[in-house]
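Here the structure is laid out as structure tokens; the discussion comes afterwards.
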Amino acid sequence: MNWRLGVWVILAVAGVVMISAGAWWWQMTGSGVSVEVIKAGSGEVKGEGTIWVDVGGAVVNPGVYQLAVGARIKDALTAAGGLSAEADRAWVERSLNLAQNLIDGYKVFIPKVNPSLALPLAGEGTVSKGSLESRSGCVSVNTGSKGELDGLAGIGEVRAEAIIAGRPYGRIEELTERKIVPKSVLEKVKQEICL
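The numbering of the sequence shown is the working numbering, which starts it at 541 and goes up by one.
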């Protein structure tokens, strides 16, 4: 019986050596596949061609535009004829990076000024956070603060930050489509939020 055990040990060692040699040979010769890894969000644009960008909301000519690879948000707004008269220019200046590179399939949405949220002119008094909320009746996913969003049932600090990072939104449903807020949570707060 000892000699049978010795044969099995020799076969096992020979198998391990052959598998190791095969793996080494395969790695040295390469698989023949070339892969280029580009870090997401690096802003580096490779290649030439065109991209399609959807520009909507408060612009002169909303629609889908074909732009050159490497185009910026400013280029998309220019293609759409610029901001319309009802565009929330304060939101654009505060929240939109006009120098950001666009990618194919990107959506640029410019919200309209909400007249019920308009701040009073100088000398007309001040508007507190509470009076803004009571006039609008909802928290805007496009302009609401982290604290306002955090105060909604089921949102919390982490989701509030994710909502802010994902701005702008063209529809409330984008929160679930982009997997920022679960559908069950959106159903709870749908009556309390707006664009």
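Quick reminder that beta carbons are idealized off the backbone N, C-alpha and C, glycines included.
Values in this document were obtained by computation on a predicted structure and should not be read as measured data.
Classification of residue i by the beta-carbon crowding that lies within 10 angstroms, buried from 16 upward
i, result
"Thr590", "exposed"
"Trp487", "Outside the shown range of the chain (541 to 735) lies residue 487, about which nothing can therefore be said."
"Asn682", "buried"
"Trp548", "exposed"
"Ala554", "exposed"
"Leu545", "exposed"
"Trp631", "buried"
"Ala552", "exposed"
"Val556", "exposed"
"Leu638", "exposed"
"Ala611", "buried"
Neighbourhood of residue i by C-beta distance below 8 Å, restricted to the same chain and skipping five residues each side
i, result
"Val604", "Trp592, Val593, Asp594 and Val595"
"Arg707", "Ser635, Val681 and Asn682"
"Glu701", "Lys686"
"Lys723", "Thr716"
"Ile613", "Leu636, Asn637, Leu638, Ala639, Gln640, Leu642 and Val648"
"Tyr709", "Phe649, Val681, Asn682, Leu715 and Leu735"
Cβ distance (whole Å) where residue i is taken to contact residue j below 8 Å
i, j, result
"Ala620", "Val653", "Between Val653 and Ala620 the Cβ distance is about 18 Å, and since that is not below 8 Å, they are no contact."
"Leu607", "Ile650", "Leu607 to Ile650, Cβ: 16 Å. No contact."
"Cys734", "Ser680", "6 Å"
CA nearest to the CA of residue i, picked from the options
i, options, result
"Asp690", "Pro602, Glu732, Asp615 and Gln640", "Glu732"
"Asp615", "Trp631, Ser635, Gln640 and Glu626", "Gln640"
"Ile703", "Val721, Arg711, Gly710 and Glu717", "Val721"
"Arg699", "Val725, Arg711, Gly710 and Asn542", "Val725"
Cβ neighbours of residue i in the same chain (closer than 7 Å, five flanking residues each side left out)
i, result
"Val729", "Leu692, Ala693, Gly694 and Ile695"
"Glu626", "Ala598, Lys652 and Val653"
"Arg718", "Gly706"
"Pro746", "A query on residue 746 cannot be resolved here, the shown segment of the chain reaching from 541 to 735 and no further."
"Arg629", "Leu623"
Chain C contact for residue i (CB, 8 Å cutoff)
i, result
"Ser624", "Among the protein chains of the structure shown there is no chain C, as only one such chain exists."
Close-in-space but distant-in-sequence residues of the same chain around residue i (CB under 6 Å, 5 per side omitted)
i, result
"Glu796", "Residue 796 falls outside the range modelled here, since the chain spans only 541 to 735, and no answer is possible."
contact_flag[the region 692 to 706, the region 640 to 648] where n(CB pairs < 8 Å) is 3 or more: Contact between the region 692 to 706 and the region 640 to 648 is absent, because fewer than three Cβ pairs lie under 8 Å.
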